[in-house]
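Data block below; observations after.
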Amino acid sequence: MSDLDISVVICVYTEDRWEDILAAVASVRAQSHPALETLLVVDHNPALLDRLAKEYKEAEDVTVLANAGPRGLSAGRNTGIAAARGEVIAFLDDDAVAEREWLRRFAEGYADPRVMAVGGRTMPIWASGRRPAWFPEEFDWVVGCTYKGLPPGLVRVRNVLGGNASFRRTAFDAAGGFATGIGRDGDKRPLGCEETELCIRLTRARPDAVLLIDDRAVIHHRVPEAREHFGYFRTRAYAEGLSKALVARSVGADKGLESERRYTTRVLPAGVLRGLRDAVLARPGGAGRAGAIVAGVLTAAGGYVVGSVRARRGGATFSVVEISGGDQGGIS
């Protein structure tokens, strides 16, 4: 699939990540499989929109455009999808850099016409220079990275992970776009799971669809110092529970929690045992990791209960939009 046209969408929202944004774009430009285009979607930040427009004014391969929907990551991605020209649309976090073979690995996955989505592996770059001793690898999803427990290699999955993922354009024709009201909204409560909900909706619309993760499609994701603390860990776990409740409301608990059941009954107990073993062997952080896993599970479960109650009372809403092409007000 060396001739596959891939558009890359990077959603951005704050000037605080200026250098990260430039690094993300540079990593796309350095791909061995060249991107057709890079779309920078700015989330309701006129100053950042203007600054990026000036930065890439002479660039033919980079388009800067404003989020055409409500504030938040899902609407930003939908804006990028509508403006993209590629047969495949890839998504890269604004604080991540992709390895040179990232798009090539994605392209290889689409050799099978049944494949509707291909994701990759996301590795953390800790601001402190190393993983906190107490932070369990099983919870790396808290900081937007691939977590321990996902199968290695090229594997079929229920859903890809949004910060390092790609979809055929026809996937959005079949299922619509990302649901607004589930994903992140800048620096507010770190909700997620919008890609999970989309992938489940996609496989319902296209039962023959195949979704893959190729762990050779690697990006490196920056973890700021503020996210290395237990307070953020707990906040993010609670928000995940809230998000899972919304997903279960949309697609049903059977599918919405299918992968999570295996994770909580197999992966996490094994992680607790490893942590306790390390504690007995006087290895740094063992007891902390075991405790963090237990705390993370309980906190996420609490968020799920609260989210479920809110959903039943009608206090949590989201919507799915159809994606249509057209002029999105891009500035190239």
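So this note's numbering is basically just the index in the sequence shown, starting at one, shifted up by 85. Where a beta carbon is used, it is the ideal one built from N, C-alpha and C, also for glycine. Being a predicted model, the structure only gives us computed values, none of them experimental.
- In the three-state scheme derived from DSSP, where H, G and I count as helix and E and B as strand, Glu-122 is classed as strand.
- Under the Cβ criterion (8 angstroms, minimum of three pairs), the stretch 367-382 counts as touching the stretch 214-221.
- Here Leu-358 carries a helix assignment [DSSP, helix/strand/coil].
- Around the CB of Lys-329, 16 or more other CB atoms lie within 10 Å, so the residue is classed as buried.
- With a threshold of 16 other beta carbon atoms within 10 Å, Ala-333 meets it and is buried.
- Excluding sequence positions up to five before and after Val-127, its CB lies within less than 6 angstroms of the CB of Val-97, Leu-133, Leu-134 and Ala-151, all in the same chain and listed in chain order.
- Looking at Asp-225, Phe-176 and Ala-212, the one whose alpha-carbon comes closest to that of Val-203 is Phe-176.
- As for any alpha helix (DSSP H) of minimum length 4 sitting wholly inside the stretch 251-321, the runs are 254-260 and 279-290, ordered along the chain.
- Nearest neighbour of Thr-349 by Cα position, chosen from Val-379, Asp-300 and Thr-320, turns out to be Val-379.
- Ser-213 is positioned such that its CB atom lies no closer than 9 angstroms to that of Glu-104.
- When DSSP states are grouped into helix, strand and coil, Arg-206 belongs to the strand group.
- Apart from the 5 residues on each side of it in sequence, Gly-171 sits with its Cβ closer than 6 angstroms to the Cβ of Asp-90, Ile-91, Ser-92 and Leu-121 in its chain, given in chain order.
- The residue among Val-242, Ala-322, Arg-351 and Thr-207 with its C-alpha nearest the C-alpha of Gly-388 is Ala-322.
- Put simply, of Leu-246, Val-352 and His-306 the residue whose alpha carbon is nearest the alpha carbon of Met-208 is His-306.
- Counting other Cβ atoms within 10 Å of its Cβ, Glu-310 stays below 16 and is therefore classed as exposed.
- Arg-215 and Val-228 have their alpha carbons spaced roughly 14 angstroms apart.
- Remark: C-beta atoms of Thr-148 and Leu-125 approach each other more closely than 9 angstroms.
- The stretch 126-211 is shown to contain whole beta strand (DSSP E) runs of 3 or more residues at 147-151, 173-177, 181-183 and 200-211, in chain order.
- Excluding sequence positions up to five before and after His-129, its CB lies within less than 7 angstroms of the CB of Asn-152 and Arg-156, all in the same chain and listed in chain order.
- Per DSSP, Val-97 is one residue of the beta strand (DSSP E) stretching across 91-97.
- Lys-233 has Leu-235 as its beta-bridge partners, per DSSP.
- For Asp-105, the enclosing alpha helix (DSSP H) begins and ends at 103-114.
- With respect to the C-alpha of Glu-280, the residue from Val-357, Ala-250 and Ala-290 having the closest C-alpha is Ala-250.
- Take Tyr-317, set aside five residues on each side of it, and the residues of its chain with a beta-carbon closer than 7 angstroms to its own are Ala-311, in chain order.
- For the 9 angstroms CB-CB criterion, Arg-190 and Asp-299 form a contact.
- Using a 10 angstroms sphere on the CB of Leu-358, the tally of other CB atoms stays under 16, which defines it as exposed.
- Check the Cα spacing between Arg-351 and each of Asp-293, Glu-223 and Arg-136: the tightest is with Glu-223.
- C-alpha of Arg-253 to C-alpha of Ile-106: approximately 24 angstroms in a straight line.
- By the Cβ-count criterion, Asp-179 is buried, with 16 or more other Cβ atoms from all chains shown falling within 10 Å of its own Cβ.
- Spanning the alpha carbons of Thr-320 and Thr-384 requires a straight line of approximately 8 angstroms.
- When the Cα atoms are used, Ala-364 and Ala-109 turn out to be separated by approximately 39 angstroms.
- Scanning its chain for C-beta atoms nearer than 8 angstroms, with the 5 sequence neighbours on each side dropped, one finds around Ala-256 the residues Met-201, Ala-202, Leu-287, Arg-291 and Ala-294, in chain order.
- In the three-state scheme derived from DSSP, where H, G and I count as helix and E and B as strand, Val-379 is classed as helix.
- Burial state of Glu-145 is exposed, judged by a 10 Å Cβ sphere holding fewer than 16 other Cβ atoms.
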